[in-house]
Structure formats: structure tokens, C-alpha cells
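If you're matching positions, the sequence shown starts at 0 in numbering that gives the first Met the number 0 and goes up one per residue. Note that CB positions come from ideal geometry on N, CA and C, so glycine has one too. Source: prediction; values computed, not measured. What follows is a short report on a single structure.
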Amino acid sequence: MWMGLKPQQALMRRMNSSRPYIRVFIFLLALSLFWLPAQPASAAGSTSNVHIIKYAADGETMLAEKTVSYEWMQQMLKIYGDGKTHYYHQGPIFDGDKWDPEEIRNLKDKGAVKGTSVKDLCDLLGGMSDGDEVMLVAVDGWHAEFAYANIYQPLDRQGIIALCWYNGGYAQDSEGYGQGYPGNNAFESALQLVFMTGVPNPEGKFVFGNSDMKLALPQEKYQHFYEGQYPSTNGLSGKWIAEVRIYSGGIPAGLKIDYTTANYPPAEHDSNSGAGQSIPWIPIAMGAVGILVLLGGVFFFTRFRKMNLITGPTLVVGVILIAAAVVIGTRSPQDPAEAAWRVTLGGSAGQQKVLSLQEIRALPSYTGRGGFFTTVGVVFGPCKAKGVPLSDLCQLVGGITRSDIVMISASDGYSTVFDYGQIMGSFITYDTKILKEVPHGELKTILMYQQDGKALAKSDGMPLRIAIVGVDGLLTEGNNWVKWVNKIEVLKIQKAAAE
0 MWMGLKPQQA LMRRMNSSRP YIRVFIFLLA LSLFWLPAQP ASAAGSTSNV HIIKYAADGE
60 TMLAEKTVSY EWMQQMLKIY GDGKTHYYHQ GPIFDGDKWD PEEIRNLKDK GAVKGTSVKD
120 LCDLLGGMSD GDEVMLVAVD GWHAEFAYAN IYQPLDRQGI IALCWYNGGY AQDSEGYGQG
180 YPGNNAFESA LQLVFMTGVP NPEGKFVFGN SDMKLALPQE KYQHFYEGQY PSTNGLSGKW
240 IAEVRIYSGG IPAGLKIDYT TANYPPAEHD SNSGAGQSIP WIPIAMGAVG ILVLLGGVFF
300 FTRFRKMNLI TGPTLVVGVI LIAAAVVIGT RSPQDPAEAA WRVTLGGSAG QQKVLSLQEI
360 RALPSYTGRG GFFTTVGVVF GPCKAKGVPL SDLCQLVGGI TRSDIVMISA SDGYSTVFDY
420 GQIMGSFITY DTKILKEVPH GELKTILMYQ QDGKALAKSD GMPLRIAIVG VDGLLTEGNN
480 WVKWVNKIEV LKIQKAAAE
């Protein structure tokens, strides 16, 4: 058809006849590029709804219930906190006066929070009466109970007990709760329980301290102690609160606290539901674009029957995009927060060493099986866990002796203490079926970074948590499985001397 034409003229005619196809190709390419950056937010560990229930005196008969979202609370109920003022709780004090009357030691910054008072939530179901008790339950089974007076007649030193759904400023001292409203890469510990005291400490900070707890919550059953002896209000600042339970006449003795996911709103934090896992849209979109470009190159080649300035580059770009998609899609993604994660090791003589996650993974590891159960009997595991023994980490900063204790701290403000025996794997173990105490073989206390062959999910303590594992796959108490570990300190002090 094009015989007798000059080569340049023949090429132009071929290109003109191909313009409809080129337009379609360009449209598909533009559509794919528009789709490429679009990625849905991955699920977060925070809760956004709270289920309020009022029970009769038997502790089982439900009198009323209501579920409200944090958006509804923000619009319909009084807001406490201004999003600028930081509120603090206090961790355990291991030497000197463990009640720390000045409230200046081991402070845990909760951030510049705003929230709704537990009192206003209780009032949605008719409120509480003197003698009633309220229980706040988190999605991981954590719970705390308070008396009528603490909710309706709080002392100034205690302040309002608030369920916080907004954080206007990052918590200081690397508590790392996140900023904004509940959601991914935002206020990740919402809905969080915070005591908004109205009395500042000598430094001008609004601290609900250990001495405040002693005064405002005189009954020991409402207080919190580490190891049964170190008071700590930080243990009352529960996160991921999902349920507020009002017990008429108080919580009945021996009441079994059921924990079922059916009681809660859809659990974005639940690792079994795929929380924290996002679809790899970038490699998928990149691969789709690469295939379209490659098909376009093939099309042009079949039209022009030779390589030219259009066919060659198009084929090359298509192959490069597909290869890049394969590389990105098959490598293990790393969350920016995970890449920046650091663990500070402290020795009893003042030694200090800071390790990145990559450096921890490069250390000699131990793999074993183990699981845990919560205070309400919810069992997690057993799972296959891989990590670095805590004894090895202690050796990096001078080691540990039998008179030492080790304080494990997490980015959410939680901390606990292990003695020498626990660092070496001395724990009570339980059967996985009936939670009966059973003997065990060798145990290792490890800083876990891999669970069942995969990196930890956010709700499982990403990127690092404590695990107690061995060859038997038995259970230990869940309070020892600290999530989000960012500090390990060897303290040259005997427990008896700290009392």
C-alpha cells in the first residue's frame, strides 16, 4: 500500500494510521499512573468505638448498652484537655521513697491529649450510684476497676478519668503514642485511659503520680503495683479501651470476666484479621503499568516491523517496570517507624549501647516455642518465636549478676522488672489447654523480632517484644510479654533494698 513512498513518508503514514491505538495506550498508561500512588491506609492498633454496658447486681444480667464512636463523643459530649497541655503518669520507683511525694521521677508522658470523661459515658446509661463499680476493658484483655467516687467525685489531685481519642502533641521521652485521632500512624494507643490531674508538680507538669494514687484510690484493689510492691500509676493508663462496664452494687466476688471479640466493635487491631498488613499496591500498580508499556512496545513493533525510537524505549521501559515491581513486591517491606527503631541498653555501671533493629537481627539468635495468657484467661499461642536472649543483650553492657534486676521499658510507657532468674528463663509454666501449672524444660527469655516466620505485626508488638520460649511450647503469664520494647536497663540494686 505504501510502495513507492520515501521511507520517511511511509513511517509517517504508519504512525498516522496507528494514532487511535496510541491514544488508547496513552489513556491506559495515564490511568495506571494515576492509580499507582493510591494506597489505602493500613489498619491501626487503635480503637475508635467504645461499648458501654450496665449490669444488674448479679454481674451478668445486662440492663442497658450503647456503642458510640470517638466522632460522636467529640461532637456530643464535653471535651476534656486542650490538645496542648501534656498529662503524665508515673512509673515505678526502685530506690528511695517508692511513693515519690514530689512526683518528679520516672514520669510517663501521655501526650497533649483530649478526650471524654468516663463519667459522661456512664451517664449515657443512667449513671452510677454510690457502691457501684466501673470496669474498663481493652481489646487485649487488660482491665481496671474504679469506685463511684473516683468517677463522680474525683479529688483535684486525681482529676477526671478520661478516655482519650486525640493527641495534639507527641509524647516526650520517646513514649511514641502517635499524634492526631485514632488510626494508622496517628494516635495509635487510642482509646487510652488518662488521669487529667488538676494539680501540677514542682516542675509545673500535670502528673497523676504514685502518691496521688495512694490518696485518691485508698483501696489497694484499685491501685497498681509492679511485682506486687512497686506502685505505678502508669499501669492504670490502659490503651485500646473498647468497653466500659458498670456493675450495679459493685463487681460480684468471683465474677468470671468473659473476654469475647463479639463484645467489641470490628477489631482493626486484631492480628488475626490481618491488621497491620496492607496490600502492596505500589508493586502491583508498577507491574500493571509495566505490562501495559510492554504490550505497547510489542504493538508498535508489530506495526512498524522493526525497532525504532518508539518501539525500543517502550519495550525497555516496560521490562524495567516489571522487574522493579518483582523486586519491590518480593522484598520484605519495612515500616518507616520500624527502620528508625532503636533499643537502648543500659549497664549497672553506667554503660550504654544503642542498637538498631538491623543490628539486633544480626546478633546470635534463639528459636523456640511459647505462648501466654492474660489475666482474664485469654490464651495467645503457642507460636514459634525467634529473637536474641536477654542474657546476651545484658552481656553487651557489662552483664548481669544475681543481685541485679533488669527493667524492660516499652514505647507506650509500660515497663516491668525481671530478676536474674527470669532473665535466665526461670518462670512458672502452664499447660496450653487448661492453664494448669506444669514442669518445663529449658526456657529462654528473648527479645523477639520474628513470630511464626514473619516480622511481628503492630498489634503483636512490632518490631520487638519479650517472649519466654523453649522446646515444650508452654504458656507463661502475659504481663511478662512486653510489647514495643525500646529500653533494657540492668540495675545494680536488690529488690529488698528498694522496698
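Would you tell me roughly how many angstroms separate the C-alpha atoms of residue i and residue j, rounded to the nearest one?
| i | j | result |
| --- | --- | --- |
| Lys482 | Ser188 | 12 Å |
| Lys118 | Leu235 | 17 Å |
| Leu123 | Val243 | 11 Å |
| Thr400 | Leu106 | 27 Å |
| Tyr79 | Val387 | 43 Å |
| Val378 | Ile52 | 24 Å |
| Ala322 | Ile283 | 12 Å |
| Ala466 | Ala252 | 32 Å |
| Lys486 | Gln351 | 11 Å |
| Glu219 | Glu144 | 11 Å |
| Ser270 | Phe371 | Only weak support is given to the placement of Ser270: the predicted model assigns it a pLDDT of 36, under 50, and the value that follows is read from those uncertain coordinates. In a straight line, the C-alpha of Ser270 is about 15 Å away from that of Phe371. |
| Val49 | Ser210 | 30 Å |
| Lys491 | Tyr419 | 11 Å |
| Ile532 | Ala146 | The question about residue 532 has no answer here: the residues shown for the chain are numbered 0 through 498. |
| Ile281 | Gln450 | 26 Å |
| Leu314 | Val325 | 17 Å |
| Lys83 | Thr431 | 46 Å |
| Glu267 | Leu395 | Bear in mind that the predicted position of Glu267 carries a pLDDT of just 33, short of 50, making it unreliable; the figure below should be weighed with that in mind. Glu267 and Leu395: Cα-Cα distance of roughly 38 Å. |
| Val312 | Met285 | This sequence places Pro at residue 312; Val is not what is there. C-alpha separation (whole angstroms): 17 Å. |
| Ile290 | Ile319 | 10 Å |
| Tyr165 | Thr196 | 17 Å |
| Lys442 | Ala55 | For clarity, residue 442 is Leu in the given sequence; the question names Lys instead. Straight-line Cα distance between these residues: approximately 45 Å. |
| Lys435 | Tyr429 | 5 Å |
| Thr259 | Ala241 | At Thr259, the pLDDT of 43 sits below 50, so the modelled position is not reliable; the number obtained from the coordinates is stated separately. One C-alpha to the other measures close to 11 Å. |
| Asn200 | Gly95 | 18 Å |
| Val136 | Ser47 | 14 Å |
| Leu455 | Val353 | 21 Å |
| Gly346 | Val316 | 54 Å |
| Glu476 | Ile150 | 30 Å |
| Asp403 | Leu76 | 49 Å |
| Val489 | Leu62 | 50 Å |
Going by Cα to Cα distance, which pick from the options is closest to residue i?
| i | options | result |
| --- | --- | --- |
| Ser390 | Ala384, Gly398, Gly158 | Gly398 |
| Ser425 | Gly469, Asn166, Tyr365, Ile250 | Gly469 |
| Tyr448 | Glu441, Thr373, Ser414, Ile359 | Ile359 |
| Met212 | Pro201, Ile250, Val315, Gly158 | Gly158 |
| Gln89 | Met127, Lys204, Gln74 | Lys204 |
| Ile433 | Val318, Asp96, Leu473, Val315 | Leu473 |
| Lys65 | Gly179, Thr84, Lys83, Gly126 | Gly126 |
| Val206 | Ser47, Glu101, Val405, Phe224 | Glu101 |
| Ile245 | Gln357, Asp131, Val136, Gln222 | Asp131 |
| Gly249 | Thr343, Asp129, Val342 | Asp129 |
| Ser45 | Thr444, Leu344, Gly177, Ala148 | Gly177 |
| Thr373 | Asn478, Gly345, Ala185, Ile427 | Asn478 |
| Ile92 | Asp459, Trp480, Ile422, Val416 | Val416 |
| Val198 | Val138, Tyr86, Ser68 | Tyr86 |
| Asp57 | Leu392, Leu254, Val405, Gly452 | Leu254 |
Where does residue i sit, in a helix, a strand or coil, going by DSSP?
| i | result |
| --- | --- |
| Phe298 | helix |
| Gln152 | coil |
| Pro181 | coil |
| Arg104 | coil |
| Leu356 | helix |
| Ile319 | helix |
| Glu64 | strand |
| Ser277 | Residue confidence for Ser277 is low, a pLDDT of 49 falling below 50, so the modelled location carries little weight and cannot support an answer. |
| Glu70 | helix |
| Thr366 | strand |
| Gly386 | strand |
| Ser410 | coil |
| Pro312 | helix |
| Asp418 | strand |
| Leu235 | helix |
| Ile283 | helix |
| Val325 | helix |
| Gly249 | coil |
| Gly167 | coil |
| Leu162 | strand |
| Gln350 | coil |
Under 7 Å: does the beta carbon of residue i sit that close to some heavy atom of the ligand ADP?
| i | result |
| --- | --- |
| Leu293 | This structure simply doesn't include the ligand ADP, nor any ligand for that matter. |
**Study point:** the stretch 216–230 touching the stretch 102–116, judged by at least three CB pairs closer than 8 Å
**Key:** Taking one beta carbon from each stretch, the stretch 216–230 and the stretch 102–116 have fewer than 3 pairs nearer than 8 Å; the two do not touch.
Check your understanding: Is the stretch 408–416 close to the stretch 377–393, with three or more CB pairs under 8 Å?
Key -> The answer is no - the stretch 377–393 does not touch the stretch 408–416, with fewer than three Cβ pairs under 8 Å.
Review point. At what residue ranges does the stretch 207–232 contain a whole run of the beta strand (DSSP E), taking only runs of 3 or more?
Key: No beta strand (DSSP E) of 3 residues or more sits fully in the stretch 207–232.
Review point. Can you list, in chain order, the stretches of the beta strand (DSSP E) that have 3 or more residues and sit fully within the stretch 111–158?
Key: Correct list: 112–116, 132–137, 142–146.
Review point. Fully enclosed by the stretch 420–471, which beta strand (DSSP E) runs are 3 residues long or longer?
Key: Runs of the beta strand (DSSP E) inside the stretch 420–471: 442–450, 464–469.
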